[in-house]
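Student: Structure incoming, see below.
There are 2 protein chains.
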Amino acid sequence: MNKRVQHSPLDVFDRKILAILQRDNMTPQRTIGDAVNLSAPAVQRRIKRMREEGVIRADVSVVAPEAVGQSITIFVEVEVISETADQIERAKTEFAAAPEIQQCYYVTGEADFILVIVVPSMADYEALTRRLFFGNNNVKRFRTFVAMDRVKVGLGVPLE
Amino acid sequence: MNKRVQHSPLDVFDRKILAILQRDNMTPQRTIGDAVNLSAPAVQRRIKRMREEGVIRADVSVVAPEAVGQSITIFVEVEVISETADQIERAKTEFAAAPEIQQCYYVTGEADFILVIVVPSMADYEALTRRLFFGNNNVKRFRTFVAMDRVKVGLGVPLE
DNA sequence: GGCTCCCACGAAACAAAATTGCAAGCCGAC
DNA sequence: GTCGGCTTGCAATTTTGTTTCGTGGGAGCC
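Protein chains in written order, with our numbering: chain F, 442 to 601; chain Z, 442 to 601.
As structure tokens, then:
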């Protein structure tokens, strides 16, 4: 269901390039080349390959939520009643479709789903719970955590 | 302590531009201009302003964790013993410094911190808990959730 | 060893995109 | 009305990304 693309093994150059790109993907290829001791075209070819292979999933700007009026970040642990394959699939689809849901993970443990939600106000969150949880009769219960501080927020993965 | 930059109010153009950029920041300005009915330089100036004002926090490549051998995503709820200001500050600093910790939020509710962690293997996670939690005598307890599926992962905020 | 084939590389040429300079249009203040 | 600040579009310039081409090193095979 997801993009399953062949990943040819990454060498040291690739990793160094990734380390730079996941911090700032606007870095000129020439600069990257200098940093990793490679020519700009070589860097360009590697980046292109990694994009095609799905090693680089996307290239995005990170927007400050509070700057656009989405000032509240909320965590939710969701526990479902029935964990049949298609019930789970349905839930995944529904969660993935909601724009307020930034992240959704299907997890083991005391909860089934963990959601990261971004909304303008508590009232909006309340409305969302009504729609998403109370309106879904497969949701057994959910626990809410409100973020007071987004201490560290990123998608960077440790490299080397 | 963090970036406190003045956010001048965003108009419809800005929001449309942001909506595009947070999906794909490699979109040519010309294309963006066409989409929002503005010239490329106008788009460029707005983007520059939003970068300077901190509305756009960063521009990054999103790397597929499994492609670089970081195949396990883990959630942790951390509860601390003492919640004095400097104990909390110390914890924030420590969590923010760990490269395996992708995200760290300070939250209300039954937990104090919620962490999103990315590691190559369970053994690595075990080692990390030893260092981070058992090695920190202010950690009362922590609950672990292992992600079976990263259903939706992004930092995009709802716009429009 | 000597051979070819195959990649990945760097240098340079090239294309495309971003950036800058500038003149004009659009308010709001006086 | 007119001044001044702000934003725009267009055109020129500069920077950046991309393609082309020729070279060199390594793997496999005579």
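The C-beta atom is built at its ideal place from N, Cα and C for all residues, glycine as well.
Tell me, please, whether the CB atom of residue 595 of chain Z is closer than 8 Å to any CB atom in chain F?
Tutor: At least one chain F Cβ lies under 8 Å of residue 595 of chain Z.
Student: Take residue 498 of chain F as the anchor and find which of Z:508, Z:468, Z:539, Z:493 has the nearest alpha-carbon.
Tutor: Among Z:508, Z:468, Z:539, Z:493, the Cα nearest to that of residue 498 of chain F is on Z:508.
Student: How long is the line joining the alpha carbons of residue 564 of chain Z and residue 573 of chain Z, rounded to whole angstroms?
Tutor: Cα-Cα distance, rounded: 14 Å.
Student: Taking three-plus beta-carbon pairs below 8 Å as touching, is the region 544-555 of chain F in contact with the region 520-534 of chain F?
Tutor: Short answer: they touch.
Student: Listing by chain order, which chain Z residues have their CB less than 8 Å from the CB of residue 469 of chain F?
Tutor: None at all; the shortest Cβ gap to chain Z is about 13 Å.
Student: Cβ of residue 496 of chain Z within 8 Å of Cβ of residue 585 of chain Z?
Tutor: Their beta carbons are not under 8 Å apart, which means residue 496 of chain Z does not touch residue 585 of chain Z by this criterion.
Student: Spell out a yes or no on whether the region 535-550 of chain F and the region 579-596 of chain Z are touching, meaning 3 or more CB-CB pairs, one atom from each, closer than 8 Å.
Tutor: Touching, yes, given that three or more Cβ pairs across the two stretches are closer than 8 Å.
Student: Among the candidates Z:522, Z:596, Z:464, whose CA atom is the shortest distance from the CA of residue 543 of chain F?
Tutor: That would be Z:596, whose Cα lies nearest to the Cα of residue 543 of chain F.
Student: For residue 542 of chain Z, go through chain F and note every residue whose CB falls closer than 8 Å to its CB, in chain order.
Tutor: Near residue 542 of chain Z (Cβ distances below 8 Å), the residues of chain F are 593.
Student: Between which residues of its own chain and residue 577 of chain Z is the CB-CB distance below 8 Å, once the five residues before and five after are set aside?
Tutor: Cβ neighbours of residue 577 of chain Z beyond the five flanking positions: 532, 535.
Student: What span of residues does the alpha helix (DSSP H) with residue 520 of chain Z cover, start to end?
Tutor: Run containing residue 520 of chain Z: none in the alpha helix (DSSP H); it sits in the beta strand (DSSP E), 513-521.
Student: Under a three-way DSSP split, which group does residue 584 of chain F fall into?
Tutor: DSSP places residue 584 of chain F in strand when its eight states are reduced to three.
Student: If residue 515 of chain F sits next to residue 568 of chain F, beta carbons under 8 Å apart, how far is it from one beta carbon to the other, in whole angstroms?
Tutor: Not really, about 13 Å apart at Cβ, beyond 8 Å.
Student: Output, in chain order, the set of chain F residues within a Cβ distance shorter than 9 Å of residue 547 of chain Z.
Tutor: The contacting residues are 588, 589, 590, 591, 592.
Student: Chain Z beta carbons: is any one of them nearer than 8 Å to that of residue 445 of chain F?
Tutor: The predicted model places residue 445 of chain F with a pLDDT of 48, which falls under 50 and marks its position as unreliable, so this point remains unresolved.
Student: For residue 500 of chain Z and residue 559 of chain Z, what's the separation of their Cα atoms in angstroms?
Tutor: Distance between the alpha carbons of residue 500 of chain Z and residue 559 of chain Z: 21 Å.
Student: Please check if any C-beta of chain Z sits within less than 8 Å of the C-beta of residue 495 of chain F.
Tutor: It does; some Cβ of chain Z falls within 8 Å.
Student: Identify which residue in F:504, F:482, F:485, F:461 has its Cα closest to the Cα of residue 598 of chain F.
Tutor: If we check each option's Cα against that of residue 598 of chain F, F:461 comes out closest.
Student: Please classify residue 486 of chain Z as buried or exposed, where buried requires at least 16 neighbouring CB atoms within 10 angstroms.
Tutor: Counting Cβ neighbours within 10 Å, residue 486 of chain Z comes out exposed, since fewer than 16 surround it.
Student: Kindly indicate if chain Z contains any beta-carbon less than 8 Å away from that of residue 583 of chain F.
Tutor: For residue 583 of chain F, the answer is no, since every Cβ of chain Z falls outside 8 Å of its Cβ.
Student: Please report the distance separating the alpha-carbon of residue 450 of chain F from that of residue 452 of chain Z.
Tutor: Their backbone Cα atoms lie some 45 Å apart in a straight line.
Student: Would a check of beta-carbon distances place residue 475 of chain Z closer than 8 Å to chain F?
Tutor: Not an interface residue.
Student: If you run the structure through DSSP and keep just helix, strand and coil, what is residue 498 of chain F?
Tutor: Note: residue 498 of chain F maps to strand in three-state DSSP.
Student: When you compare only the Cα positions, how much space is there between residue 472 of chain F and residue 484 of chain F?
Tutor: Whole-angstrom Cα-Cα distance: 10 Å.
Student: When the Cα of residue 524 of chain Z is compared with those of Z:502, Z:468, Z:466, Z:579, which residue comes out closest?
Tutor: When only C-alpha atoms are compared, the closest one is Z:579.
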